[in-house]
Ligand code: EPU
């Protein structure tokens with residue numbers, strides 16, 4: 257297994273470009289099941305989760321062709337060859353929960369889908385009841401068999417299986433659901449009649465998906481607001497679509513600049529989707545300014561400059577446009593260096609605090625009570641062997657390691673590879689002292 261060895265305290269300098277978004281790309285890829293012609297997605301990141309989705313789509317009868325773009329942005333082209341295999345098996349679903357995104361498209365296009373029930377994961381229980389409630393409202397008959405969700409569309413007017421438009425509510429105890437909204441919105445594009453989704457997720461990735469679906473010939477309006485309306489159509493064609501830049505990757509780079517007190521220029525930054533983050537950072541003493549010639553606020557060039565003394569803040573994670581849960585762990589690493597006590601409350605995944613114990617190993621002063629952590633700023637963090645646990649917790653350990661005195665060894669960085677493309681290579685180019693090594697080559701006391 258790979259590990260990162262980081263010698264902290266290097267000053268970062270230079271420019272960095274944000275990749276296409278993982279969390280946008282996964283439901284976009286699933287939506288290609290709906291198309292009767294080929295769909296090309298551009299700027300698809302090279303990540304473990306994307307490779308898993310490619311593998312899943314291939315099992316479901318799609319041909320996935322990759323452009324030859326060297327190490328630059330690459331495109332993937334999807335074409336359905338065979339519609340008979342409709343089963344997303346446990347061995348893929350357990351490695352990637354976003355596999356559930358194929359259920360709505362399978363049901364809408366093929367009238368039948370079987371997807372292994374995703375279990376919980378490191379950040380919590382993660383039920384899929386809202387996905388199923390939404391698809392059932394569209395007339396799907398849903399059953400559970402041997403750990404698989406089996407969904408069938410009802411008979412349409414012409415005797416063939418077809419979902420029926422409906423007015424439905426997708427709110428749950430923690431707000432709406434991002435992938436649930438993606439699933440139901442995708443399914444409704446081919447349903448008979450109109451669907452209105454109330455309490456839809458407002459995340460920018462949902463807007464990106466609606467843009468792809470509309471380019472394929474769907475009639476979706478209101479994406480990005482809590483009410484999405486979809487006029488069902490009989491068929492969807494092909495499209496060519498550029499995946500939006502990754503707002504969580506961008507936010508991670510902004511915090512890498514802040515935690516190392518380094519000025520950084522970030523290209524392809526979806527600054528419009530990061531308002532809650534840049535507002536919070538302003539209070540901390542980190543300024544993120546847009547280049548004046550920015551034409552598209554979803555693809556801006558920004559400069560990050562931070563004050564020497566960082567100020568404590570209160571952060572509560574919320575559905576978009578609130579502060580994103582996917583940047584909670586990284587913000588915690590930054591606030592460890594603030595001058596005073598900060599309060600972080602996690603309202604999306606109340607158990608998402610695996611980084612707390614690991615940051616504490618590096619000298620962080622953290623006090624957790626339920627979904628809230630009090631972060632008392634310390635003068636410095638000190639390098640230590642730590643363990644990556646989930647994707648964003650791992651990113652927070654990298655930020656902590658970059659700022660810490662001494663050497664940090666982060667074990668199990670495969671979690672990080674799920675969401676950040678060659679993170680260490682990008683950081684090396686900015687001047688960080690970070691190396692990927694085979695953990696079995698490290699002395700035994702550095703393994704965790
Ligand atoms: N929830 C339910 N029932 C459901 C679905 C969700 O109660 O049927 C709850 C969840 O347990 C959670 C809340 O609703 O408390 C929100 O979950 P959501 O469904 O929105 O999460 P998701 O769609 O499964 C996506 C991202 C996550 C990100 C969340 C929240 C992808 C592939 N994943 O997950 O990203 O944290 O939205 O913004 O888009 C990550 O990238 O590290 C990551 C975990």
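Residue numbers (my numbering): 257 to 704.
Ideal placement from N, C-alpha and C gives every residue a C-beta, glycine not left out.
**Study point:** Continuous alpha helix (DSSP H) assignments of at least 4 residues falling wholly in the stretch 282-334
**Key:** 304-315
Check your understanding: Heavy atom of ligand 1 less than 7 Å from the Cβ of residue 279, yes or no?
Key -> In the chain shown, residue 279 corresponds to position 23, counting from 1. Yes - ligand 1 has a heavy atom lying nearer than 7 Å to the Cβ of residue 279.
Review point. When we look at the beta-carbon of residue 476 and count the other beta-carbons within 10 Å, is it buried (16 or more) or exposed?
Key: By one-based count along the chain shown, residue 476 stands at place 220. It counts as buried.
Review point. Buried or exposed: residue 631, going by 16 or more other Cβ atoms within 10 Å of its Cβ?
Key: Numbered from its first residue, the chain shown carries residue 631 at position 375. So residue 631 counts as buried.
Review point. From 596, 451 and 464, pick the residue whose C-alpha is nearest to that of residue 570; which is it?
Key: The sequence position of residue 570 within the chain shown is 314, counting from 1. Checking every option, the nearest Cα to that of residue 570 belongs to 596.
Exercise for review: Identify every residue that forms a DSSP beta bridge with residue 643.
Suggested key: For this step, residue 643 is matched to residue 387 along the chain shown. DSSP, once it has assigned bridges, lists 667 as partnering residue 643.
Check your understanding: Three-state secondary structure (DSSP) at residue 360?
Key -> Taking the chain shown and counting its residues from 1, the one referred to as residue 360 is at position 104. Reduced to three states, the DSSP call for residue 360 is helix.
Practice item. Jot down the residue ranges of each uninterrupted beta strand (DSSP E) in the stretch 530-583, minimum 3 residues, whole runs only, in chain order. Key: 542-546, 556-562 and 570-572
Point to revise | C-alpha gap between residue 512 and residue 461, whole angstroms | key: As a first step, residue 512 is located in the chain shown; it is residue number 256 there, counting from the start. As a first step, residue 461 is located in the chain shown; it is residue number 205 there, counting from the start. Spanning the two alpha carbons is a distance of roughly 23 Å.
Review point. With 16 other CB atoms within 10 Å as the buried threshold, where does residue 481 fall?
Key: Residue numbering aside, residue 481 sits at position 225 when the chain shown is read from its first letter. The residue in question, residue 481, is exposed, as its Cβ has fewer than 16 Cβ neighbours within 10 Å.
Point to revise | Host alpha helix (DSSP H) of residue 270 (start-end) | key: Stepping through the chain shown from its first residue, residue 270 is reached at position 14. Here residue 270 belongs to no alpha helix (DSSP H); instead the beta strand (DSSP E) covers 270-273.
Review point. Excluding five sequence neighbours on each side, which residues of the same chain lie with their C-beta closer than 6 Å to the C-beta of residue 667?
Key: Position 411 of the chain shown, counted from the start, is the residue given in the question as residue 667. Cβ within range, chain order: 259, 643, 695 and 704.
Point to revise | Same chain only: Cβ atoms within 7 Å of residue 585, ignoring 5 sequence neighbours per side | key: Along the chain shown, read from residue 1 onward, the residue named residue 585 stands at position 329. Correct list, in chain order: 611, 648, 649, 651 and 652.
Exercise for review: Ignore the nearest five residues each way along the sequence and tell me which others in residue 397's own chain have a CB closer than 6 Å to its CB.
Suggested key: What you label residue 397 is simply residue 141 of the chain shown in a count that begins at 1. Cβ within range, chain order: 408.
Check your understanding: Within the chosen definition, does the stretch 567-583 reach the stretch 614-621 through at least 3 CB pairs nearer than 8 Å?
Key -> Taking one beta carbon from each stretch, the stretch 567-583 and the stretch 614-621 have fewer than 3 pairs nearer than 8 Å; the two do not touch.
Practice item. Would you mind working out which of 416, 362, 576 and 503 sits nearest residue 391, comparing C-alpha positions? Key: Start at 1 with the first residue of the chain shown, and residue 391 comes out as number 135. Out of 416, 362, 576 and 503, 362 has the C-alpha closest to the C-alpha of residue 391.
Check your understanding: Does DSSP classify residue 423 as helix, strand or coil?
Key -> The residue given as residue 423 occupies position 167 in the chain shown. Residue 423: strand per DSSP, three-state reduction.
Review point. From what residue to what residue does the alpha helix (DSSP H) around residue 450 run?
Key: Numbered from 1 along the chain shown, position 194 holds the residue referred to as residue 450. Annotation: residue 450 is outside any alpha helix (DSSP H); the continuous beta strand (DSSP E) that includes it extends over 450-454.
Review point. Can you name, in chain order, every residue of its own chain whose Cβ lies under 7 Å from the Cβ of residue 682, other than the five neighbours on each side?
Key: If you number the chain shown from 1, residue 682 lands on position 426. Excluding positions up to five away in sequence, the list reads 272.
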